[in-house]
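Those letters in the sequence shown? Residues 1 to 261, by our numbering. Only one structure is covered here, and it is reproduced in the block below.
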Amino acid sequence: MAKGQGVELEQRLKVCVVSLLGGVVSIAIMSIIFDHPDSGVGAFLLDRHTENFPYPFTIQNIMWLMFWVGCGELWVRFNQAKLEMEQMSKRYLPEDDEVMLRARDLGSFYQKVKPMAEERAFYLQRLIMRCILQFQGSHSVNQANSLLNSSLELFQHELELKYAMLRYLVWLIPTLGFIGTVVGIAFALDYAANIENPQDPTLLAGITGRLGVAFYTTLLALVQSALLVFALHIAQSREEMALNQSGQYCLDNLINRLYEK
């Protein structure tokens, strides 16, 4: 199992690198499109043409990079849910209602679901292997059923841990937005304090313009976070559905068919 988890971790690292590169490319494209100094969209998306931060090292650009990393994590989770769902159609176990299974009959099914060394074990495969080994050792249907329930609980916790990075990014992006707003307000107040002529008619326009850009970071962060949270709940519900279907499949086609005098 550790080998399979290592394969998944390696895949996530590769996707993270690709996501960061995608974020850099997207920032470069938006920088070219919204290059005009008076572009309000450029100020909203990139904090372009302001004096708050030296471009391209702006809060918005950091948020875009984190958003793309989150999108990469979501792709991994959606792809994993798809692969888990596909296991239901492989018919690892007999589905004929009249078939009963004894301990000596389970060896062929164990070899069928056992992954190769370079392969990743899915929830369904792991559940079948555990229940078969338990029944062959104890010849007890009750113990095999208890192991199935315990494994489902452990897999549920394992599934929650896989979303730790996504939940952190969903928290980090709004936090970066608030930091950008606070820093932008500080720059606006500093600009007002350093004006030599307080009666300058352009003072109010300069302050409000800087405050408007400062609040853009929070607005953009909330939009990005909302999109990630929406997709996160969909991906997690799909993976939980796959896990529930795996447990039901084992219960219907393995546990309920076990028989031993």
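Yeah, the Cβ is synthetic: ideal placement off N, Cα and C, and Gly gets one too.
Buried or exposed by the 16-neighbour rule on C-beta atoms within 10 Å, applied to F57: Burial call: exposed.
Burial state of A186 (16 or more Cβ within 10 Å): Exposed is the label assigned to A186, since fewer than 16 other Cβ atoms lie within 10 Å of its Cβ.
Pair within 8 angstroms by beta-carbon distance, L21 and V69: It is not a contact, given that the beta carbons lie outside the stated cut-off.
Close Cβ partners of V7 (< 6 angstroms) along its chain, the five nearest in sequence each way excluded: Once the five neighbours on either side are set aside, the close Cβ partners of V7 are R120.
Local conformation of R257 per DSSP, three classes: Three-state DSSP puts R257 in a helix.
Which residues DSSP lists as bridging L101, in chain order: In DSSP, L101 forms a bridge with L258.
Within 8 angstroms, strictly: CB atoms of L265 and G177: With the chain covering only 1 through 261, there is no way to say anything about residue 265.
Beta-carbon gap between L74 and A214 smaller than 8 angstroms: No, Cβ-Cβ distance for L74 and A214 is not below 8 angstroms.
Other residues of its chain near A34: CB distance less than 8 angstroms, five sequence neighbours each side excluded: Correcting the residue type first, residue 34 is Phe in the shown sequence and not Ala. Within the same chain, F34 has close Cβ partners V41, G42, L45, L46 and R48.
Cβ contact (3+ pairs, closer than 8 angstroms) linking the stretch 60-68 and the stretch 99-106: By the criterion of at least three beta-carbon pairs nearer than 8 angstroms, the stretch 60-68 is not in contact with the stretch 99-106.
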